[in-house]
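K.L.:
In my numbering, the protein residues as written are 1 to 143.
The C-beta atom is built at its ideal place from N, Cα and C for all residues, glycine as well.
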(Lines of atoms letter the chains of each structure in order from A and count residues from 1; the text may use other names and numbers.)
(Lines give C-alpha, C1' and ligand atoms only; values in the text may rest on other atoms or scores of the structure.)
Protein backbone atom coordinates (compact mmCIF):
# COMPACT_ATOMS: atom_id res chain seq x y z
CA UNK A 1 0.00 0.00 0.00
CA UNK A 2 1.21 3.53 -0.80
CA UNK A 3 0.11 6.75 0.88
CA UNK A 4 0.86 10.24 -0.45
CA UNK A 5 0.84 13.79 0.86
CA UNK A 6 1.27 16.95 -1.22
CA UNK A 7 2.91 20.24 -0.25
CA UNK A 8 3.29 23.60 -1.95
CA UNK A 9 6.20 26.05 -1.75
CA UNK A 10 7.59 29.01 -3.67
CA UNK A 11 11.21 29.08 -4.73
CA UNK A 12 13.46 31.11 -7.04
CA UNK A 13 16.30 29.80 -9.16
CA UNK A 14 18.04 30.29 -12.48
CA UNK A 15 19.80 28.04 -14.97
CA UNK A 16 22.92 29.98 -15.90
CA UNK A 17 24.00 29.00 -19.40
CA UNK A 18 20.56 27.71 -20.43
CA UNK A 19 19.67 28.54 -24.03
CA UNK A 20 16.19 29.80 -23.15
CA UNK A 21 14.39 32.10 -20.76
CA UNK A 22 15.25 29.92 -17.74
CA UNK A 23 18.70 31.52 -17.98
CA UNK A 24 17.07 34.42 -16.09
CA UNK A 25 16.35 34.56 -12.39
CA UNK A 26 12.74 33.42 -11.92
CA UNK A 27 10.51 31.50 -9.56
CA UNK A 28 7.90 28.77 -9.42
CA UNK A 29 5.20 27.61 -7.07
CA UNK A 30 6.34 24.02 -6.68
CA UNK A 31 4.11 21.12 -5.68
CA UNK A 32 5.86 18.30 -3.85
CA UNK A 33 4.19 14.91 -3.52
CA UNK A 34 5.78 12.40 -1.17
CA UNK A 35 4.85 8.72 -1.37
CA UNK A 36 5.43 6.21 1.42
CA UNK A 37 5.01 2.46 1.14
CA UNK A 38 4.82 0.05 4.00
CA UNK A 39 2.78 -2.19 6.20
CA UNK A 40 -0.23 -0.86 8.04
CA UNK A 41 0.43 -0.73 11.78
CA UNK A 42 -1.82 -3.16 13.64
CA UNK A 43 -1.52 -1.90 17.22
CA UNK A 44 -1.30 1.24 19.31
CA UNK A 45 -2.15 4.86 18.55
CA UNK A 46 -1.03 4.51 14.91
CA UNK A 47 -3.13 1.40 14.28
CA UNK A 48 -4.51 1.35 10.75
CA UNK A 49 -1.82 3.71 9.42
CA UNK A 50 1.38 3.30 7.45
CA UNK A 51 2.48 6.64 8.89
CA UNK A 52 0.51 9.47 10.49
CA UNK A 53 -0.07 12.28 7.97
CA UNK A 54 0.71 14.79 10.73
CA UNK A 55 4.13 13.18 11.21
CA UNK A 56 4.77 13.36 7.45
CA UNK A 57 3.78 17.04 7.43
CA UNK A 58 6.13 17.86 10.30
CA UNK A 59 9.03 15.93 8.75
CA UNK A 60 8.65 17.62 5.34
CA UNK A 61 8.33 21.03 6.98
CA UNK A 62 11.48 20.65 9.08
CA UNK A 63 13.54 18.91 6.39
CA UNK A 64 12.45 20.66 3.17
CA UNK A 65 10.01 23.55 3.50
CA UNK A 66 11.90 25.45 6.20
CA UNK A 67 14.90 25.58 3.85
CA UNK A 68 13.44 25.77 0.32
CA UNK A 69 10.24 27.80 0.74
CA UNK A 70 10.74 31.40 -0.48
CA UNK A 71 14.46 30.80 -0.97
CA UNK A 72 16.83 31.44 -3.85
CA UNK A 73 18.27 28.02 -4.66
CA UNK A 74 21.52 28.28 -6.56
CA UNK A 75 24.28 26.25 -8.20
CA UNK A 76 27.53 27.00 -6.37
CA UNK A 77 29.55 25.95 -9.43
CA UNK A 78 28.24 28.95 -11.44
CA UNK A 79 29.93 32.28 -10.70
CA UNK A 80 26.93 34.52 -11.40
CA UNK A 81 24.67 32.40 -9.22
CA UNK A 82 27.22 32.53 -6.37
CA UNK A 83 27.41 36.32 -6.70
CA UNK A 84 23.62 36.69 -6.55
CA UNK A 85 23.43 34.32 -3.57
CA UNK A 86 26.14 36.27 -1.74
CA UNK A 87 24.35 39.56 -2.36
CA UNK A 88 21.08 38.10 -1.08
CA UNK A 89 22.68 36.43 1.96
CA UNK A 90 24.49 39.66 2.90
CA UNK A 91 21.08 41.36 2.95
CA UNK A 92 19.60 38.66 5.19
CA UNK A 93 17.70 36.87 2.43
CA UNK A 94 17.06 33.13 2.35
CA UNK A 95 19.32 31.05 0.08
CA UNK A 96 19.99 27.33 -0.38
CA UNK A 97 23.13 26.00 -2.04
CA UNK A 98 23.33 23.05 -4.41
CA UNK A 99 26.47 21.63 -6.01
CA UNK A 100 24.75 21.20 -9.37
CA UNK A 101 22.26 22.94 -11.65
CA UNK A 102 18.93 23.72 -10.05
CA UNK A 103 16.81 21.68 -12.46
CA UNK A 104 13.69 19.85 -11.32
CA UNK A 105 15.62 16.61 -11.80
CA UNK A 106 18.50 17.63 -9.52
CA UNK A 107 16.25 19.25 -6.91
CA UNK A 108 14.12 16.08 -6.84
CA UNK A 109 17.18 13.96 -6.11
CA UNK A 110 18.26 16.28 -3.29
CA UNK A 111 14.78 16.35 -1.73
CA UNK A 112 14.41 12.56 -1.93
CA UNK A 113 17.76 11.97 -0.23
CA UNK A 114 17.07 14.50 2.52
CA UNK A 115 13.66 12.99 3.28
CA UNK A 116 14.71 9.34 2.97
CA UNK A 117 17.03 9.64 5.97
CA UNK A 118 14.01 10.69 8.10
CA UNK A 119 11.32 8.55 6.47
CA UNK A 120 12.59 5.06 5.60
CA UNK A 121 9.17 4.21 4.10
CA UNK A 122 9.65 6.91 1.43
CA UNK A 123 9.32 5.27 -1.99
CA UNK A 124 9.37 8.26 -4.32
CA UNK A 125 8.74 11.97 -4.56
CA UNK A 126 7.17 13.89 -7.41
CA UNK A 127 8.18 17.53 -7.82
CA UNK A 128 5.97 19.71 -10.02
CA UNK A 129 7.77 22.78 -11.33
CA UNK A 130 4.58 23.82 -13.13
CA UNK A 131 1.09 22.32 -13.30
CA UNK A 132 2.10 20.28 -16.35
CA UNK A 133 5.81 19.56 -15.71
CA UNK A 134 7.10 17.24 -13.01
CA UNK A 135 9.94 14.91 -12.10
CA UNK A 136 9.53 11.66 -10.21
CA UNK A 137 12.56 10.45 -8.26
CA UNK A 138 12.62 7.40 -6.02
CA UNK A 139 14.27 4.30 -4.71
CA UNK A 140 14.59 2.84 -8.20
CA UNK A 141 16.77 5.84 -9.17
CA UNK A 142 19.08 5.31 -6.19
CA UNK A 143 20.30 1.92 -7.44
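Contact between the region 67-87 and the region 12-21 is defined here as three or more beta-carbon pairs at a separation below 8 Å; is this criterion met?
P.N.:
Yes, since at least three Cβ pairs between the region 67-87 and the region 12-21 fall closer than 8 Å, the two stretches touch.
K.L.:
Using only alpha-carbon positions, find the residue among 126, 91 and 102 that is nearest to residue 78.
P.N.:
The shortest C-alpha separation from residue 78 is found at 102.
K.L.:
Report back the beta-carbon spacing between residue 122 and residue 34 to the nearest angstrom; my notes put them in contact at under 8 Å.
P.N.:
Contact holds; Cβ gap of about 6 Å.
K.L.:
Per DSSP, residue 55 is paired with what?
P.N.:
Beta-bridge pairing links residue 55 to no other residue.
K.L.:
Measuring alpha carbon to alpha carbon, tell me which residue in 7, 112, 142 and 130 is nearest residue 53.
P.N.:
It is 7 whose Cα lies nearest to the Cα of residue 53.
K.L.:
Please classify residue 129: is it buried, with 16 or more other beta-carbons within 10 angstroms of its beta-carbon, or exposed?
P.N.:
Its Cβ being crowded by 16 or more others within 10 Å, residue 129 is buried.
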